Structure formats: C-alpha cells, structure tokens
Amino acid sequence: GLVVRQETARVEKDNSLLYEMTYLGREIRINDILVAKPVFMSENDEFFAYIYERPWVKISIDEMKKDLQIADFKKSVASMLADLNITGSIRKIFAPNASAKAIEFRNPITRGFADKNKLPDLKLVDRSNKKE
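Position in the sequence shown counted from 1, then plus 8, gives you our numbering.
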C-alpha cells in the first residue's frame, strides 16, 4: 500500500537526474545549457574528451598522458578545468577530486547523490552567445 508507494516515490526522486553534462560537437553542456566550447583537438578538448568517457573512476594524470601520447600537458589540471568553465559550484559537483596527480569526473548527478553529499545548487549561465 501506501508505505511501498512512498518508498517507490523516494527511490525515484533519489534516482532522478539533477545534473547531466553532455559533450557533443565540442559543446560542453549541463542540462542542455552551454558551458564551454573547446577548440578542436586542443589540450582542453583532448583532456575533457578523455575524462568525459570515463565517469566515476579515478583517472591517473600519468595514465591519461600515456594514453593521449603526450609527454606533458602545457597547463595544469586546474587551468584546463578553468578554461572549460568547470569552476566553483560546477567543479564541486562534477570534479571535486582533481589534482596534478589524478581526477575523478562525476557524471551524471542524481538528486539523491546531490542531497547525500550536500552538493551546491547550480545557477547556470548559458554561454551560447559568448566567444571563447
């Protein structure tokens, strides 16, 4: 009866998507709002494409460089994230564990995960009309 329905509603709410980052045509969007558009085959583009394809795993930066066949990134992980407008609340939500050694890209984010981890609310600004 009612208890089962309440539990089902709670689970559905917990599992409902709150934030989802997508990467199509070099456009990084959160819930369909444009966040960044990295230059094709740039360091930022390659870095983001790599982490985007590996959500919810700890990625070693050394391993990433080996896979991308580069000796080193010209910029730091923090700089690349900043270039991609993954800063402030966006970074707290999608890439809270990011350092010179490793990064964990979290995507998508459910309401339950956000509540449990007390993630900040996002006020997204569409950058569609802004140049890089």
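Glycine included, every Cβ here is placed at the ideal spot set by N, Cα and C. These numbers come from a predicted model, not from an experiment.
Contact defined as beta carbons within less than 8 Å: I believe L73 pairs with D80. What is the distance between those atoms, to the nearest angstrom? At residue 73 the sequence reads Lys, which differs from the Leu that was named. Rounded, the Cβ-Cβ distance is 7 Å, consistent with contact.
Please classify I38 as buried or exposed, where buried requires at least 16 other C-beta atoms within 10 Å of its C-beta. Flag for I38 reads buried.
How many Å lie between E140 and K124 at the Cα? The predicted model places E140 with a pLDDT of 44, which falls under 50 and marks its position as unreliable; any figure quoted below should be read in that light. Taken atom to atom, the span from the alpha-carbon of E140 to that of K124 is near 35 Å.
What's the gap between the Cα of P63 and the Cα of V12? Roughly 32 Å separates the two Cα atoms.
Excluding the 5 residues flanking I117 on each side, which residues of the same chain have their C-beta closer than 8 Å to its C-beta? Listed in chain order, the non-local C-beta contacts of I117 below 8 Å within the same chain comprise L25, L26, Y27, E28, I101, F102 and L127, local neighbours out to five positions each way being set aside.
For Y31, collect the residues of the same chain with a Cβ closer than 6 Å to its Cβ; drop the 5 residues on either side in sequence, then sort them by chain order. These residues qualify, in order along the chain: Y60.
Can you name, in chain order, every residue of its own chain whose Cβ lies under 8 Å from the Cβ of F48, other than the five neighbours on each side? Here the set comprises R34.
Exposed or buried, what is N52 when buried is set at 16 or more other beta-carbons lying within 10 Å of its beta-carbon? Under this definition N52 is a buried residue.
Is the Cβ-Cβ distance between E112 and K66 less than 8 Å? In this structure, E112 places its C-beta atom within 8 Å of the C-beta atom of K66.
K66 - containing beta strand (DSSP E), residue span: Following the DSSP letters along the chain, one finds K66 inside the beta strand (DSSP E) bounded by residues K66 to S68.
Would you tell me roughly how many angstroms separate the C-alpha atoms of S84 and D91, rounded to the nearest one? One C-alpha to the other measures close to 11 Å.
Considering only residues of the same chain and omitting the five flanking positions on each side of Y58, which have a CB-CB separation below 6 Å? Cβ within range, chain order: M72.
Can you tell me which of the three DSSP states E140 falls into? Unreliable placement is indicated for E140, whose pLDDT of 44 sits below 50; the coordinate value is still reported in the next sentence. Assignment of E140 by DSSP, reduced to helix, strand and coil, places it in the coil class.
Please state the DSSP three-state secondary structure of E51. When DSSP states are grouped into helix, strand and coil, E51 belongs to the helix group.
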